[in-house]
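Number of protein chains: 4
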Amino acid sequence: MTSSKTRMIFEAAIDIFSERGFEKATMDEIAAKANVAKGTIYYHFKSKEELFVFLVEEGTELLREHVLAKLSEQMTATDKMRTIIHEQLTFFKDYKDFCIIILREAWGEEQRQRQFRRMLVHYVHSIEDVVLAGIHSGEFAETDSSTAAWSIFGGLSITALNHLFADPTFDLPTLGPFFEDLLMRGLTHRDSCAVQPEIPHEDGVAPPPSREARKLELP
Amino acid sequence: MTSSKTRMIFEAAIDIFSERGFEKATMDEIAAKANVAKGTIYYHFKSKEELFVFLVEEGTELLREHVLAKLSEQMTATDKMRTIIHEQLTFFKDYKDFCIIILREAWGEEQRQRQFRRMLVHYVHSIEDVVLAGIHSGEFAETDSSTAAWSIFGGLSITALNHLFADPTFDLPTLGPFFEDLLMRGLTHRDSCAVQPEIPHEDGVAPPPSREARKLELP
Amino acid sequence: MTSSKTRMIFEAAIDIFSERGFEKATMDEIAAKANVAKGTIYYHFKSKEELFVFLVEEGTELLREHVLAKLSEQMTATDKMRTIIHEQLTFFKDYKDFCIIILREAWGEEQRQRQFRRMLVHYVHSIEDVVLAGIHSGEFAETDSSTAAWSIFGGLSITALNHLFADPTFDLPTLGPFFEDLLMRGLTHRDSCAVQPEIPHEDGVAPPPSREARKLELP
Amino acid sequence: MTSSKTRMIFEAAIDIFSERGFEKATMDEIAAKANVAKGTIYYHFKSKEELFVFLVEEGTELLREHVLAKLSEQMTATDKMRTIIHEQLTFFKDYKDFCIIILREAWGEEQRQRQFRRMLVHYVHSIEDVVLAGIHSGEFAETDSSTAAWSIFGGLSITALNHLFADPTFDLPTLGPFFEDLLMRGLTHRDSCAVQPEIPHEDGVAPPPSREARKLELP
DNA sequence: GATGAATGAGCTTTCATTCAT
DNA sequence: CATGAATGAAAGCTCATTCAT
Chain D
1 MTSSKTRMIF
11 EAAIDIFSER
21 GFEKATMDEI
31 AAKANVAKGT
41 IYYHFKSKEE
51 LFVFLVEEGT
61 ELLREHVLAK
71 LSEQMTATDK
81 MRTIIHEQLT
91 FFKDYKDFCI
101 IILREAWGEE
111 QRQRQFRRML
121 VHYVHSIEDV
131 VLAGIHSGEF
141 AETDSSTAAW
151 SIFGGLSITA
161 LNHLFADPTF
171 DLPTLGPFFE
181 DLLMRGLTHR
191 DSCAVQPEIP
201 HEDGVAPPPS
211 REARKLELP
Chain F
220 MTSSKTRMIF
230 EAAIDIFSER
240 GFEKATMDEI
250 AAKANVAKGT
260 IYYHFKSKEE
270 LFVFLVEEGT
280 ELLREHVLAK
290 LSEQMTATDK
300 MRTIIHEQLT
310 FFKDYKDFCI
320 IILREAWGEE
330 QRQRQFRRML
340 VHYVHSIEDV
350 VLAGIHSGEF
360 AETDSSTAAW
370 SIFGGLSITA
380 LNHLFADPTF
390 DLPTLGPFFE
400 DLLMRGLTHR
410 DSCAVQPEIP
420 HEDGVAPPPS
430 REARKLELP
Chain Y
439 MTSSKTRMIF
449 EAAIDIFSER
459 GFEKATMDEI
469 AAKANVAKGT
479 IYYHFKSKEE
489 LFVFLVEEGT
499 ELLREHVLAK
509 LSEQMTATDK
519 MRTIIHEQLT
529 FFKDYKDFCI
539 IILREAWGEE
549 QRQRQFRRML
559 VHYVHSIEDV
569 VLAGIHSGEF
579 AETDSSTAAW
589 SIFGGLSITA
599 LNHLFADPTF
609 DLPTLGPFFE
619 DLLMRGLTHR
629 DSCAVQPEIP
639 HEDGVAPPPS
649 REARKLELP
Chain V
658 MTSSKTRMIF
668 EAAIDIFSER
678 GFEKATMDEI
688 AAKANVAKGT
698 IYYHFKSKEE
708 LFVFLVEEGT
718 ELLREHVLAK
728 LSEQMTATDK
738 MRTIIHEQLT
748 FFKDYKDFCI
758 IILREAWGEE
768 QRQRQFRRML
778 VHYVHSIEDV
788 VLAGIHSGEF
798 AETDSSTAAW
808 SIFGGLSITA
818 LNHLFADPTF
828 DLPTLGPFFE
838 DLLMRGLTHR
848 DSCAVQPEIP
858 HEDGVAPPPS
868 REARKLELP
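Chains as they are written, first to last, in the working numbering: chain D, 1 to 219; chain F, 220 to 438; chain Y, 439 to 657; chain V, 658 to 876.
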């Protein structure tokens, strides 16, 4: 990453890979966007695959560091989890392209895809650690921590991805509170216990607004 | 789907597409697996893309029907949600290949990918409907139903996908109870309120087994 | 040509061959236009090439008969030539598609192209016969009759073809008088001799009207 | 045309296209004849069509320049026309392949064919300009200049084409005098008026040799 | 007679990679 | 270090022809 050429290639590659996907991206296009000759890419990276793996490793590591940097020892598991949610959304907002690459290119039996999954597993383990800490501290109920961690990661990612494709300008961190609520208290959060006594089950009472109409009205 | 050749092509296509991804899959390979000549595929489907879209539409619709068929009017939203979780996992177990295709091929700006997302949106709307019904009935707390639905779909899918790649023989429905718990009551389920008194959360007491070691110990 | 199917195929083939050319025309398209199954064409014609040759032979023979039918023994060579010009133009007007096929498909070393040229040679010989008769009778000057005949045929055909592509509705026989003049008396027809004494070669005098402006003003 | 590879491809392409026609010519064949890899053609030309159009534009322009270069301001229209006839025949002799391509590939509604016709029209306009100048100067009689020009071009081309296929070694310029005569004075040339008194038109006297026998006996 | 599903050879085009400069 | 012309394997797709019904 020292040479400016390497940097330019790196950035062009993220752009092109996220836009086209690994298979459809061409070295010509990357070279053109990076303003270098095609041969130059091969001077710096052994192959298209290596370029991709390099990029994916850097990116996943960046995500991991971005999120972990915000966690401190003193936080409760709950606070850590909130932070994770918020920071992953922020990261996806800032590195939209990379977010797309992550979900698109990790699944398959190619070498680069296995490598990619290894990186994801590494990241998700960081989430799982928080889950485990929470269980251990009593904040969280006993559960399968791995499933919980992947579920959190997957829910955040797919939702983000969906939003990004539906509206590229959408501000992802906006979704944070919903995720926190859903994740910490579930769909049925009977908050302070004893609350929510008068559930208006009656038919027709305050019908839920049409799905189309109410998408995302923040409180 | 009447002709047996069409059926053979269809099945071979799922196989190959899930194994290789859309771009890497070749018509030669599909033809070979389907035991038909390459031209035969083109006799039945206009193009590789059309074959893929057909397959994806059939598959997504199958998923939707598979899940919705198990929901009945009398169920509470909570029961419906449990059913959705269980049935989606069952479907992913039975149609593993298709599950892989879903997450891998829906993200991008190609025509087939937009079409694919349209199908996913259709399915996720069905989940969202249950969320909305639950909110309406008071079973669920107010929240952004769309985010909740995508989160459920994404959490289930990515977790399933991860498991399938880690261990193709893994029995996905096993994860159901964890998801139900996580989804309905969140990480912090203080069930019956005031209950859960004797959780041995004391530090150091029965430390969670090493992450690698305990993956997925069902209760 | 007895069966109605054969006739339908024949007509569809002329349509398609003239529109697409031999190579680009497909048996599917011909079958569709003829409202028969593809196999039916092969029941009546051994191959695409045979269908084409059949059509070309019929057509060229038709042209030859169409023109020759109008020539009578009593006519002078000059009148015969006028008739040939007029009738070929009429034929090209009525069988536009075939006219296109003629010039497009006769040149090459494929079997069908040799066969096609044989047919053309046959037709051009009929023209040459009139030239020879005219020379013999003293109406025409001595010249190479073959070159004259091909020149007449080629001049008429290419001009017609050009007009047909520029304006498909153009009425070809309109061009007859120009051809007759050009052919019988040449560009420099000083009819009654003694005419044209003061050739104004001076530069710049009365510039010729713009080409675009005067196209085809009939007298 | 700078690179030697481009030149080699260009020349191979003319060869193959003229031999096979646009549709039947294959890029493999062209590559083989040019002694380059198939990919190399695509490095220099975007597509088969572009290669063809390039070749056709170069060729038609070459024909036009070849002919126009021999015309000088001082010439009379008659001399110019003689020159055009002679030079076009010379060109067709030297660039036989291209001559074949011209008449074979200009007729149709494909993009390349329209483009081709545009080039032909450009060339024929140059002929028409001479016709117009002759009419203006009084050398030529009034006539439709466009029809005359296309007629000249077509007569020359088709006749040449026919000869080339009948005998590839035939020396086209030999035909020049016949064309000049035919074109300038028509079939019925009563030359200098009153001249040509002793044309032996007596019946039976020196009957024209059988058509087959005398093809092209130059005076 | 007529059909149309099936075939596979053959085509154009793409693109990661190499290498002489 | 950097370049970009050259490569050739591989891919998607077409279509004349066949043949069982």
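Here a beta-carbon is modelled for each residue, glycine too, at the ideal position from N, C-alpha and C.
Assuming alanine 515 of chain Y and valine 562 of chain Y form a contact by the criterion Cβ under 8 Å, report the distance between their Cβ atoms to the nearest whole angstrom. The residue labelled residue 515 of chain Y in the question sits at position 77 within the third sequence. The residue labelled residue 562 of chain Y in the question sits at position 124 within the third sequence. The pair is not a contact, with the Cβ atoms about 16 Å apart (cut-off 8 Å).
Beta strand (DSSP E) segments (min. 3 residues) lying fully within the segment 698-772 of chain V: none
Within 8 Å, do at least three Cβ pairs link the segment 75-92 of chain D to the segment 350-358 of chain F? no
Name the residues in the segment 158-178 of chain D whose C-beta lies less than 7 Å from a C-beta of chain F; which are they? Listed by position along the chain: Ile158, Thr159, Leu161, Asn162, Phe165, Leu175, Phe178.
From F:Ile303, F:Val255, F:Ile249, pick the residue whose C-alpha is nearest to that of proline 392 of chain F; which is it? Walking along the second sequence from the start, residue 392 of chain F turns up at place 173. Closest in alpha carbon position to proline 392 of chain F, among F:Ile303, F:Val255, F:Ile249, is F:Ile303.
Kindly list, in the order they appear in chain F, the residues whose Cβ is closer than 7 Å to that of leucine 68 of chain D. Along the first sequence, one-based indexing puts residue 68 of chain D at 68. Within 7 Å Cβ-Cβ: nothing; leucine 68 of chain D doesn't reach chain F, min ~16 Å.
Quick one: measure Cβ to Cβ for isoleucine 9 of chain D and alanine 34 of chain D, integer angstroms, because I've assumed they're closer than 8 Å. Here residue 9 of chain D refers to the residue found at position 9 of the first sequence. Here residue 34 of chain D refers to the residue found at position 34 of the first sequence. At roughly 5 Å, the Cβ-Cβ gap stays under 8 Å, so isoleucine 9 of chain D and alanine 34 of chain D are in contact.
Whole runs of the alpha helix (DSSP H) within the segment 442-485 of chain Y, excluding any shorter than 4 residues: 442-458, 465-472, 476-482
With 16 as the cutoff for other CB atoms within 10 Å, does alanine 632 of chain Y come out buried or exposed? On the third sequence, residue 632 of chain Y is found 194 positions in, with the first residue counted as 1. Note that alanine 632 of chain Y scores a pLDDT of 39, beneath 50, so its modelled location is shaky; the value from the coordinates is reported in the next line. Under this definition alanine 632 of chain Y is an exposed residue.
Using a C-beta cutoff of 8 Å, does glycine 477 of chain Y count as contacting chain V? Residue 477 of chain Y sits at position 39 when you count from the first residue of the third sequence. It does not: the Cβ of glycine 477 of chain Y has no partner Cβ on chain V nearer than 8 Å.
On the three-state DSSP scale, how would you describe methionine 390 of chain F? If you number the second sequence from 1, residue 390 of chain F lands on position 171. First, the residue type needs correcting, since residue 390 of chain F is aspartate and not methionine in the sequence shown. Aspartate 390 of chain F: coil per DSSP, three-state reduction.
In chain order, what residues of the same chain lie with their CB nearer than 7 Å to the CB of alanine 325 of chain F, ignoring the 5 residues before and after it? The sequence position of residue 325 of chain F within the second sequence is 106, counting from 1. So the list reads Gln332, Phe335, Arg336, Leu339, once near-sequence residues are dropped.
Using a Cβ-Cβ cutoff of 7 Å, what residues of the segment 313-340 of chain F are near chain D? List them in chain order. Going along the segment 313-340 of chain F in chain order, one finds Ile319, Leu322, Arg323, Trp326, Gly327, Arg336 with a Cβ nearer than 7 Å to chain D.
Classification of lysine 46 of chain D by the beta-carbon crowding that lies within 10 angstroms, buried from 16 upward: On the first sequence, residue 46 of chain D is found 46 positions in, with the first residue counted as 1. Flag for lysine 46 of chain D reads exposed.
Coarse secondary structure for glycine 186 of chain D, derived from DSSP in three states: Here residue 186 of chain D is taken as the residue at index 186 of the first sequence, counted from 1. Residue state, collapsed to three classes: coil.
Please identify the residue among F:Leu287, F:Thr378, F:Glu269, F:Glu399 whose C-alpha is closest to the C-alpha of isoleucine 319 of chain F. Numbered from 1 along the second sequence, position 100 holds the residue referred to as residue 319 of chain F. Taking only the C-alpha atoms, the option nearest isoleucine 319 of chain F is F:Thr378.
DSSP-derived helix/strand/coil call for threonine 366 of chain F: The residue given as residue 366 of chain F occupies position 147 in the second sequence. Note: threonine 366 of chain F maps to helix in three-state DSSP.
Using a Cβ-Cβ distance under 8 Å, would methionine 841 of chain V count as near chain Y? Indexing the fourth sequence from 1 puts residue 841 of chain V at position 184. Yes, because at least one Cβ of chain Y sits closer than 8 Å to the Cβ of methionine 841 of chain V.
Name the chain D residues that come within less than 8 Å of lysine 219 of chain F, Cβ to Cβ? Nothing can be reported for residue 219 of chain F: it is not among the residues displayed for chain F, which extend from 220 to 438.
For the putative contact between glycine 373 of chain F and serine 157 of chain D, defined by C-beta atoms under 8 Å, what is the C-beta separation to the nearest angstrom? By one-based count along the second sequence, residue 373 of chain F stands at place 154. By one-based count along the first sequence, residue 157 of chain D stands at place 157. About 6 Å separates the two Cβ atoms, so the contact holds.
Rounding to the nearest angstrom, what Cα-Cα distance links leucine 832 of chain V and aspartate 838 of chain V in this structure? The residue you call residue 832 of chain V lines up with position 175 of the fourth sequence. The residue you call residue 838 of chain V lines up with position 181 of the fourth sequence. Straight-line Cα distance between these residues: approximately 10 Å.
Using DSSP with H/G/I as helix, E/B as strand and the rest coil, what is valine 633 of chain Y? What you label residue 633 of chain Y is simply residue 195 of the third sequence in a count that begins at 1. Residue confidence for valine 633 of chain Y is low, a pLDDT of 37 falling below 50, so the modelled location carries little weight; the figure read from the coordinates is stated next. Here valine 633 of chain Y sits in coil by DSSP.
Alanine 133 of chain D - DSSP class collapsed to helix/strand/coil: What you label residue 133 of chain D is simply residue 133 of the first sequence in a count that begins at 1. Note: alanine 133 of chain D maps to helix in three-state DSSP.
Taking the alpha carbon of leucine 290 of chain F as the reference point, which residue from F:Thr279, F:Leu281, F:Glu306, F:Val275 has its own alpha carbon closest? The residue labelled residue 290 of chain F in the question sits at position 71 within the second sequence. If we check each option's Cα against that of leucine 290 of chain F, F:Glu306 comes out closest.
Proximity below 8 Å, CB of leucine 493 of chain Y to CB of phenylalanine 529 of chain Y: Taking the third sequence and counting its residues from 1, one reaches residue 493 of chain Y at position 55. Taking the third sequence and counting its residues from 1, one reaches residue 529 of chain Y at position 91. It is not a contact, given that the beta carbons lie outside the stated cut-off.
Residue of F:Ile371, F:Ile346, F:Val255, F:Ile321 minimising C-alpha distance to leucine 380 of chain F: Working through the second sequence from its first residue, we reach residue 380 of chain F at position 161. When each option's Cα is compared against that of leucine 380 of chain F, the closest is F:Ile321.
Between glutamate 248 of chain F and the rest of its own chain, which residues show a CB-CB distance below 6 Å, the 5 nearest in sequence each way excluded? One-based indexing of the second sequence puts residue 248 of chain F at position 29. Only Ile235 meet the Cβ criterion.
Expressed to the nearest angstrom, what Euclidean distance is found between the alpha-carbon atoms of glycine 477 of chain Y and alanine 469 of chain Y? The residue labelled residue 477 of chain Y in the question sits at position 39 within the third sequence. The residue labelled residue 469 of chain Y in the question sits at position 31 within the third sequence. Cα to Cα, glycine 477 of chain Y sits roughly 9 Å from alanine 469 of chain Y.
Do you know offhand how far threonine 26 of chain D's Cα is from isoleucine 371 of chain F's? Within the first sequence, residue 26 of chain D is the residue found at index 26, counting from 1. Within the second sequence, residue 371 of chain F is the residue found at index 152, counting from 1. Each residue's alpha carbon lies about 35 Å from the other.
Only counting the same chain, and skipping five residues up and downstream in sequence, which positions put a Cβ closer than 7 Å to that of alanine 805 of chain V? Numbered from its first residue, the fourth sequence carries residue 805 of chain V at position 148. Excluding five sequence positions before and after alanine 805 of chain V, the CB atoms of its chain that fall closer than 7 Å to its own CB belong to Val788, given in chain order.
In or out: threonine 60 of chain D buried (at least 16 other Cβ within 10 Å) or exposed? Translated into positions along the first sequence, residue 60 of chain D becomes position 60. Buried, since its Cβ has 16 or more Cβ neighbours within 10 Å.
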